[in-house]
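K.L.:
The listed protein sequences derive, respectively, from chains B and A. For this note's numbering, count along the first sequence from 1 and bump the result up by 16. For this note's numbering, count along the second sequence from 1 and bump the result up by 16. First, the structure itself, so that you have it in front of you.
2 protein chains.
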Amino acid sequence: PDWSIEVRDGVMQLEKRFEFPDFAQALAFTNRVGEIAEAEGHHPKLVTEWGQVIVTWWSHKIRGLHRNDFIMAAKTDQL
Amino acid sequence: PDWSIEVRDGVMQLEKRFEFPDFAQALAFTNRVGEIAEAEGHHPKLVTEWGQVIVTWWSHKIRGLHRNDFIMAAKTDQL
Chain B
17 PDWSIEVRDG
27 VMQLEKRFEF
37 PDFAQALAFT
47 NRVGEIAEAE
57 GHHPKLVTEW
67 GQVIVTWWSH
77 KIRGLHRNDF
87 IMAAKTDQL
Chain A
17 PDWSIEVRDG
27 VMQLEKRFEF
37 PDFAQALAFT
47 NRVGEIAEAE
57 GHHPKLVTEW
67 GQVIVTWWSH
77 KIRGLHRNDF
87 IMAAKTDQL
């Protein structure tokens with residue numbers, strides 16, 4: 017499945033759910049996303065639960081989506 | 017601040033927001049919560065963002081709060 021565009025409080029956000037067989041592998045993915053976030057200085061919302069991580073990218077400053085968010089989404093897919 | 021009780025889809029959940037000065041320290045806390053979750057075999061929802069982590073405990077099986085959730089909340093406060 018692809019990234020969906022969600023609108024929350026008038027802010028467009030790129031969102032995707034990634035599935036895993038347990039909690040540990042979900043948390044490991046959260047950490048891999050955290051690494052690219054720190055490397056790029058651009059940080060998502062990461063909802064980690066048993067078996068899944070929901071990643072949400074948006075640009076706080078412009079309260080919406082910037083080209084960089086799509087780049088980060090593509091990088092997230094490659095993790 | 018204390019834990020609040022939220023009701024989502026009829027399920028009571030214990031929730032608390034923890035603040036941090038940046039993303040890395042928020043993610044480090046997420047990992048510490050993940051460690052006690054794995055140790056106890058009871059897993060929360062962890063929403064990690066720049067500067068904060070929202071931790072939510074509930075018992076999936078009973079679709080509500082069990083004594084164990086309050087114990088995990090207390091352990092989370094000690095991290």
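Glycine residues also receive a C-beta, built at the ideal position from the N, C-alpha and C atoms.
Going residue by residue through the segment 65-92 of chain A, where are the continuous beta strand (DSSP E) segments of at least 3 residues, counting only ones entirely within it?
P.N.:
Whole beta strand (DSSP E) segments, 3+ residues: 68-73.
K.L.:
In its own chain, which residues sit with a C-beta less than 6 Å from the C-beta of residue 19 (chain B), not counting the 5 before and 5 after it?
P.N.:
If we look at residue 19 (chain B) and ignore the five residues flanking it on each side, its Cβ neighbours are 30, 32 and 89.
K.L.:
Could you check the C-alpha separation between residue 11 (chain A) and residue 74 (chain A) for me, to the nearest Å?
P.N.:
Since the first and last residues shown for chain A are 17 and 95, residue 11 (chain A) lies out of range.
K.L.:
Check each candidate in A:72, A:57 and A:67 and name the one with the smallest Cα separation from residue 37 (chain A).
P.N.:
Of A:72, A:57 and A:67, the residue nearest in Cα terms is A:67.
K.L.:
From B:26, B:34 and B:95, pick the residue whose C-alpha is nearest to that of residue 64 (chain B); which is it?
P.N.:
The shortest Cα separation from residue 64 (chain B) among B:26, B:34 and B:95 belongs to B:34.
K.L.:
Buried or exposed: residue 71 (chain A), going by 16 or more other Cβ atoms within 10 Å of its Cβ?
P.N.:
That one is buried.
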